[in-house]
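Quick note, the sequences are listed as chains B and W, same order.
Under the working numbering, think of the first position of the first sequence as 5, with each following residue one higher.
Under the working numbering, think of the first position of the second sequence as 75, with each following residue one higher.
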Amino acid sequence: MATAVSTYSRNDYINFSVLMVLGFLIIPMTVNSDYWFTSILIPWLCLALATIGQQVIMGYTGQLALGAAGFMAAGAFACFNLILRVDGLPFFGALIISGLIAAAIGIVFGLPSLRIRGIYLMVATLASQFFIIWVIDKFGWFKNYDSSGIITAQDIVIFGRPYTSPVDMYLVILVVVTVMTILAINMARGSTGRNWMAVRDMDVAAESMGVSLLKTKLQAFAISSFFCGVAGALFAFTYLKSLEPVAFDIKLSFKILFMCILGGLGTINGAFIGAGFILLFPVLLNYLGNNVFHGAIDATIISALEQVVFGVLMIVFMIYEPLGMARLWENLKQRFFKKKDK
Amino acid sequence: MGSEILFFFEVLVGGLLAGTMYSLVALGFVLIYKASATFNFAQGAMVFFAVLSFVGFMELGLPFFLAFLVTIGLMVVVGLSTERLVLRPLMNQSEDTLLMATIGLGYVLEGLAQAAWGVEVRRLDLGIPDFPIMFIADSIGIFISALDLTAGAVAAFMVISLAVLFTQTKIGLGLRAVADDPGAASSIGIPLKHIMLLVWSAAGVVALVAGCLWGARAGVQFALVDLALKALPVLIIGGFSSIPGAIVGGLIIGSTEKVLEVYIGPFFGGAIEGWAPYVLAVFFLLKRPEGLFGEKIIRRV
Numbered sequence: 005m006a007t008a009v010s011t012y013s014r015n016d017y018i019n020f021s022v023l024m025v026l027g028f029l030i031i032p033m034t035v036n037s038d039y040w041f042t043s044i045l046i047p048w049l050c051l052a053l054a055t056i057g058q059q060v061i062m063g064y065t066g067q068l069a070l071g072a073a074g075f076m077a078a079g080a081f082a083c084f085n086l087i088l089r090v091d092g093l094p095f096f097g098a099l100i101i102s103g104l105i106a107a108a109i110g111i112v113f114g115l116p117s118l119r120i121r122g123i124y125l126m127v128a129t130l131a132s133q134f135f136i137i138w139v140i141d142k143f144g145w146f147k148n149y150d151s152s153g154i155i156t157a158q159d160i161v162i163f164g165r166p167y168t169s170p171v172d173m174y175l176v177i178l179v180v181v182t183v184m185t186i187l188a189i190n191m192a193r194g195s196t197g198r199n200w201m202a203v204r205d206m207d208v209a210a211e212s213m214g215v216s217l218l219k220t221k222l223q224a225f226a227i228s229s230f231f232c233g234v235a236g237a238l239f240a241f242t243y244l245k246s247l248e249p250v251a252f253d254i255k256l257s258f259k260i261l262f263m264c265i266l267g268g269l270g271t272i273n274g275a276f277i278g279a280g281f282i283l284l285f286p287v288l289l290n291y292l293g294n295n296v297f298h299g300a301i302d303a304t305i306i307s308a309l310e311q312v313v314f315g316v317l318m319i320v321f322m323i324y325e326p327l328g329m330a331r332l333w334e335n336l337k338q339r340f341f342k343k344k345d346k
Numbered sequence: 075m076g077s078e079i080l081f082f083f084e085v086l087v088g089g090l091l092a093g094t095m096y097s098l099v100a101l102g103f104v105l106i107y108k109a110s111a112t113f114n115f116a117q118g119a120m121v122f123f124a125v126l127s128f129v130g131f132m133e134l135g136l137p138f139f140l141a142f143l144v145t146i147g148l149m150v151v152v153g154l155s156t157e158r159l160v161l162r163p164l165m166n167q168s169e170d171t172l173l174m175a176t177i178g179l180g181y182v183l184e185g186l187a188q189a190a191w192g193v194e195v196r197r198l199d200l201g202i203p204d205f206p207i208m209f210i211a212d213s214i215g216i217f218i219s220a221l222d223l224t225a226g227a228v229a230a231f232m233v234i235s236l237a238v239l240f241t242q243t244k245i246g247l248g249l250r251a252v253a254d255d256p257g258a259a260s261s262i263g264i265p266l267k268h269i270m271l272l273v274w275s276a277a278g279v280v281a282l283v284a285g286c287l288w289g290a291r292a293g294v295q296f297a298l299v300d301l302a303l304k305a306l307p308v309l310i311i312g313g314f315s316s317i318p319g320a321i322v323g324g325l326i327i328g329s330t331e332k333v334l335e336v337y338i339g340p341f342f343g344g345a346i347e348g349w350a351p352y353v354l355a356v357f358f359l360l361k362r363p364e365g366l367f368g369e370k371i372i373r374r375v
């Protein structure tokens, strides 16, 4: 890793350490309410991980894919079946295999990307979204022939110790997300990421420079689906707990698309910012609805307004800051910590 | 004729007529694409917005035709604001950026419609019954719904009038000029703003008509947005820039999905029409990316 070290500045290490201390020590010790863990921190980390997957394919490789939730479903149900059917398979092992299964499916549905782009590819990936959900829905085997069609995810057990309390689950997710985020950052900064971006910026030029489109695009699809698959498994095992395939419908795909775009295309921290915003904004609206307007506004209207705000933000960001909230954050940092950065 | 063949034709005709409903959504999409090279992802949301407002106005006590006119007015306002607030600031941006902006626009329209009119499923009665016409059933033995037949007739009427508009009038010439090269078109004095407004309003009217037919069949509800997504495979098969393509694509999708559902679906537990159109579109893309009637896409480096 001698070469990798030089690409990170001292600031990066300081930021990393601060975040780790915050995530692993301060938050578990200070946050006492289960609500914060189960309703905010856990889904935030899971969806941020899926958004990183979307970033890989859309932000870095420039392929307009709209099927993240489908791959999340693949990962979730793969993990459920692996733990159910394979005796003695450790949780992390099941998690990795589910990611790999999602990646394999991702490669198959990524094949059209070799010939098409833009909205055409979007339609092709919609096929994956609807097809995967349909397969899981129609073949009872995936749901262990449960008559209700709803499965209950098993408890997470690592080395014989069950991780079922909100804080425990949060820590498990945090470990996975940390490892995978570091992986993603390294891929994005390394030759892999450079190939992705070359394909995004101009595929013909990239190809004439010797970047294999076939390899790069399929690799991006595979890695993207791997992230989505793992995120889906975590989402199912910690947040949803009992779930049916419909939990991963097209709406979730759109949500992840929004997280990706509003957060900032082609940034890893944007995935976290975007996911946090999309998740927290409705919470804030509901809070305002309950405490400021005292329930005078109907809940359905609030959720409709939330949609309007997301849509407006999407348009506004496209017009004024196509690089999203991550760039806004950078600009703010630039303005306030100019001297420090030098 | 044997009853099996009759049944096949019944399925086929039902599919073809249902396909015209997809075509109507696709038509609005093609209109906007032809005049501004924008993939308007919000077309489905416009359908939902239009028909929900229409039903809403009727619930407020407006008579049918007045409500229809008011909704058309509303769609013109939507078109106007879209042109002013979304498209103009995004002029000369990449196709992908515009597409994402229209996804945002779709969200805004869906949200506004639900905030204004609520989320419950509405019934829409157009006075056209959605059951078989006995006259046809008796004479040739095929059951065809009157609503389907109306949808087919409306779609045919829309296509003919739009085709006349595009090819026979000065406005149509202007539209095609703008689509070809907005810069050149405006430099010779074609009023870009008016053209855009016209196109978005026309798309709004098409959305309203499509919404009425959909709403009469499936109820006026949010699921219309998902149904309208099927206009995308229709467009891919027909070609994004072709009005006849939208119709033919709709017919192909409608008939294929119904025939597959009836004859192949039972082997897989049914409901394959949810994804069959998309998979069909993918195969089409691999063989003929520009669609049946679309212009060949030539990318220059």
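No residue lacks a Cβ here, since even glycine has one placed at the ideal position from N, Cα and C.
Would you tell me roughly how many angstroms separate the C-alpha atoms of residue i and residue j, rounded to the nearest one?
i	j	result
Leu164 of chain W	Asp204 of chain W	43 Å
Glu347 of chain W	Arg331 of chain B	42 Å
Gly289 of chain W	Val322 of chain W	22 Å
Val22 of chain B	Val287 of chain B	26 Å
Phe358 of chain W	Gly365 of chain W	7 Å
Tyr12 of chain B	Gly63 of chain B	21 Å
Ala281 of chain W	Leu266 of chain B	28 Å
Gln117 of chain W	Ala277 of chain W	8 Å
Val60 of chain B	Ile120 of chain B	18 Å
Met95 of chain W	Glu310 of chain B	30 Å
Tyr243 of chain B	Gly102 of chain W	40 Å
Phe258 of chain B	Arg14 of chain B	37 Å
Ile46 of chain B	Ile30 of chain B	16 Å
Arg362 of chain W	Val127 of chain B	15 Å
Phe3 of chain B	Ile101 of chain B	Because chain B here runs from 5 to 346, residue 3 of chain B falls outside it and cannot be looked at.
Leu272 of chain W	Phe367 of chain W	24 Å
Leu306 of chain W	Val152 of chain W	22 Å
Leu249 of chain W	Thr241 of chain W	10 Å
Gly270 of chain B	Ala119 of chain W	28 Å
Considering only C-alpha positions, which residue in the set the options is nearest to residue i?
i	options	result
Gly192 of chain W	W:Gly130, W:Pro351, W:Pro340	W:Gly130
Leu247 of chain B	B:Ala78, B:Tyr12, B:Val296, B:Phe225	B:Ala78
Leu239 of chain W	W:Ile269, W:Arg362, W:Val299, W:Ile218	W:Ile269
Leu104 of chain B	B:Cys232, B:Leu261, B:Gln338, B:Ala279	B:Cys232
Ile264 of chain W	W:Ile317, W:Val252, W:Gly76	W:Val252
Gln58 of chain B	B:Trp48, B:Gly144, B:Phe75, B:Leu283	B:Phe75
Met329 of chain B	B:Gly280, B:Val180, B:Gln223	B:Gly280
Phe341 of chain W	B:Asp16, B:Thr34, B:Ser228, B:Val139	B:Val139
Thr145 of chain W	W:Val125, W:Val160, W:Ala350, W:Ala92	W:Val125
Phe123 of chain W	W:Leu325, W:Pro318, W:Ala284	W:Ala284
Ala225 of chain W	W:Ile317, W:Gly324, W:Leu143, W:Gly147	W:Gly324
Ile317 of chain W	W:Phe81, W:Lys108, W:Ser77, W:Gly76	W:Lys108
Met263 of chain B	B:Gly278, B:Leu269, B:Leu336	B:Gly278
Leu360 of chain W	B:Ser117, B:Leu88, B:Arg89, B:Leu49	B:Ser117
What does residue i reach in chain B if we use C-beta pairs closer than 8 Å?
i	result
Asp300 of chain W	Ile254
Trp349 of chain W	Ala131, Phe134, Phe135, Trp138
Pro163 of chain W	Ile323
Leu45 of chain W	Here chain W has residues from 75 to 375 only, and residue 45 of chain W is not among them.
What residues from chain B crowd round residue i, counting only those whose CB sits closer than 7 Å?
i	result
Phe342 of chain W	Lys142
Thr171 of chain W	Met322, Pro326
List, in chain order, every chain W residue whose beta-carbon is nearer than 9 Å to that of residue i.
i	result
Phe314 of chain B	Gly178, Tyr181, Val182, Gly185
Tyr149 of chain B	Within 9 Å Cβ-Cβ: nothing; Tyr149 of chain B doesn't reach chain W, min ~13 Å.
Leu332 of chain B	Near Leu332 of chain B there are no residues of chain W at all, since even the closest Cβ is about 17 Å away, more than 9 Å.
Since residue i and residue j are thought to touch, with beta carbons under 8 Å apart, how far apart are those beta carbons, to the nearest angstrom?
i	j	result
Val176 of chain B	Ile160 of chain B	6 Å
Leu70 of chain B	Leu130 of chain B	6 Å
Which residues in chain W have a C-beta closer than 7 Å to the C-beta of residue i? List them in chain order.
i	result
Ala54 of chain B	Residues of chain W passing the Cβ test: none, with the nearest at roughly 18 Å.
So which residues on chain W does residue i lean against when the C-beta distance must stay under 8 Å?
i	result
Gly122 of chain B	Phe113, Glu169, Asp170, Leu173
Counting only Cβ pairs nearer than 8 Å, list the residues of chain D close to residue i.
i	result
Thr304 of chain B	Here the protein chains are B and W, and chain D is not one of them.
Contact between the stretch 108 to 121 of chain B and the stretch 277 to 297 of chain W is defined here as three or more beta-carbon pairs at a separation below 8 Å; is this criterion met?
Not touching, per the Cβ criterion.
Please determine if the stretch 320 to 333 of chain W and the stretch 82 to 96 of chain W are in contact, where contact requires at least 3 C-beta pairs separated by less than 8 Å.
Here the stretch 320 to 333 of chain W lies against the stretch 82 to 96 of chain W, with 3 or more beta-carbon pairs under 8 Å apart.
Do the stretch 305 to 312 of chain W and the stretch 353 to 369 of chain W make contact, defined as three or more Cβ pairs closer than 8 Å?
Touching, yes, given that three or more Cβ pairs across the two stretches are closer than 8 Å.
Between the stretch 173 to 187 of chain W and the stretch 290 to 301 of chain B, are three or more C-beta pairs nearer than 8 Å?
With a cut-off of 8 Å, the stretch 290 to 301 of chain B and the stretch 173 to 187 of chain W do not count as touching, because too few Cβ pairs lie within range.
Quick check: the stretch 120 to 136 of chain W against the stretch 256 to 263 of chain W, are at least 3 beta-carbon pairs closer than 8 Å?
Not touching, per the Cβ criterion.
Whether or not the stretch 168 to 175 of chain W and the stretch 111 to 122 of chain W are in contact is what I'm after, with contact meaning three or more pairs of Cβ atoms, one per stretch, closer than 8 Å; do they touch?
These segments touch.
Using 8 Å as the threshold, is the stretch 30 to 40 of chain B in touch with the stretch 168 to 180 of chain B, meaning 3 or more CB pairs across them?
Cβ pair count under 8 Å is three or more, so yes.
Counting beta carbon pairs with one atom in the stretch 140 to 157 of chain B and one in the stretch 81 to 92 of chain B, are three or more of them shorter than 8 Å?
As far as the Cβ criterion goes, the stretch 81 to 92 of chain B touches the stretch 140 to 157 of chain B, which means the pair count is three or higher.
For the stretch 46 to 57 of chain B and the stretch 224 to 238 of chain B, state whether three or more C-beta atom pairs, one from each stretch, are separated by less than 8 Å.
Verdict: yes, contact present.
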